[in-house]
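Numbering (this note's numbering), first residue to last: 158 to 527.
C-beta atoms are modelled at their ideal positions from N, C-alpha and C, and glycine is treated no differently.
What follows is one structure encoded as structure tokens, with my remarks underneath.
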């Protein structure tokens, strides 16, 4: 394995992305592979046995899509890896060219991208989004005919591809990191029960409705938000809500610090809108709440009720009063809240940890390289 070179490639995700770097790259390095990650980064360096090959950072999406793929291909070929593992649909052409050069190639599909495109207003009009989604779907299907393996983050995504070459590898929390000793003094002592949301602060993730729900909670609890805002305009809109008086925003913080905040909290919340891409998703933040023994309040999607029914309550993500009622129920029934939190943690330990899931990734590589 020490002489087997693995090259992960992303132009979209951070060089310290949770799934790509912290989970997949580090797990492969721990298994004895020589692992390189090509990603947007400040400089070439080795971090925790993973060699990072830096790509220049581009703020504009279209500039990134036009300029980086050729540079990625040059750097990838120069690395002479045995397996190339890419993570973005804009790199499908790069993946096909690497196959043409006789390399083994894995396409890692984090999201149902065609469905996701339909809700990205920056792409253009609804008609144009449908056109882009159509071509993206067919590009993925065409590429999948040639790639050696497809990794899907959820069963629903896996259903789009040939089952004989598709492996489901879910984006699950790393218990070792969550359970590591932390400096608890860096988080101030709370004055009242805490509802926490960590992740992208966007409209379609129900952030506005969560804040509005705090209007009905009064001084019974406080909302903690961690993450990046979708736009400055959306941030200002949320700051003008009455519920903002019961809200504290901590910005974007390192992953280990996120877990410190979660361990201080009392309720984890995830109120994604019922768009196609979310209805059958498996949000990593929900699993992280569970790993921190938090009872959860989640969108009332049937699939989520099936997966998380033992450790969460469910509400209409468009109805702040409904969300507030679930929060108040947990505040008024601490024994029930504790029961949900304990059950969530038990589920993580028994079947929803990265420690267990990573074994599927290693087996896939062993199979490809046999």
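Taking all protein chains shown into account, residue 514 has 16 or more neighbouring C-beta atoms within 10 Å of its C-beta and is therefore buried.
Here residue 350 really is in contact with residue 423; their C-beta atoms are around 4 angstroms apart, less than 8 angstroms. In this structure residue 380 does not touch residue 361 by the C-beta definition: roughly 18 angstroms separates them, more than the 8 angstroms allowed.
Short of 7 angstroms from the beta carbon of residue 248, and not among the five residues preceding or following it, lie these beta carbons of its own chain, in chain order: 166, 168, 226 and 229. Per DSSP, reduced to three states, the secondary structure at residue 172 is coil, with no helix or strand assignment. Across the structure, residue 450 and residue 239 are spaced so that their CA atoms are roughly 41 angstroms apart. Contact annotation, residue 370 with residue 480: C-beta distance approximately 4 angstroms; criterion of less than 8 angstroms satisfied. Closest in C-alpha terms to residue 516, from the list 180, 172, 174 and 173, comes 180. Counting only runs of 4+ residues, the alpha helix (DSSP H) found wholly inside the stretch 484–521 occupies 491–508, in chain order.
Remark: three or more beta-carbon pairs, one from each stretch, lie closer than 8 angstroms, so the stretch 409–429 and the stretch 440–460 are flagged as touching.
At a cut-off of 3 residues, the continuous stretches assigned as beta strand (DSSP E) that sit fully inside the stretch 252–329 are 261–266, 306–309 and 323–325. Proximity of the stretch 314–325 to the stretch 381–389 falls short of the contact definition, fewer than three beta-carbon pairs being nearer than 8 angstroms. Per DSSP, reduced to three states, the secondary structure at residue 208 is strand. Distance from the CA atom of residue 373 to the CA atom of residue 352, rounded to whole angstroms, is 14 angstroms.
Under DSSP, residue 215 shares a beta bridge with no residue. Taking C-beta separations shorter than 8 angstroms and ignoring five residues to either side along the sequence, the partners of residue 468 in its chain run 447, 452, 453, 497, 498, 500, 501 and 504, following chain order. Every unbroken stretch of the beta strand (DSSP E) spanning 3 or more residues and falling wholly within the stretch 413–449 is given here in chain order: 424–427. Of the residues 214, 192, 491 and 212, the one whose Cα lies closest to the Cα of residue 204 is 192. The beta-carbon distance between residue 261 and residue 433, rounded to whole angstroms, is 32 angstroms. This is too long to meet the 8 angstroms contact definition. In the structure shown, residue 164 adopts extended strand secondary structure according to DSSP, grouped into three states. One Cα belongs to residue 253, the other to residue 200, and the distance between them is close to 27 angstroms.
When secondary structure is reduced to three states using DSSP, residue 479 falls in the helix class. Following the DSSP letters along the chain, one finds residue 361 in no alpha helix (DSSP H), marked with neither H nor E.
Here the C-alpha atom of residue 235 lies approximately 28 angstroms from the C-alpha atom of residue 298.
In terms of Cβ geometry, residue 269 and residue 311 form a close pair [threshold 9 angstroms]. If you compare the alpha carbons of 163, 376 and 308 with that of residue 326, the shortest gap goes to 308.
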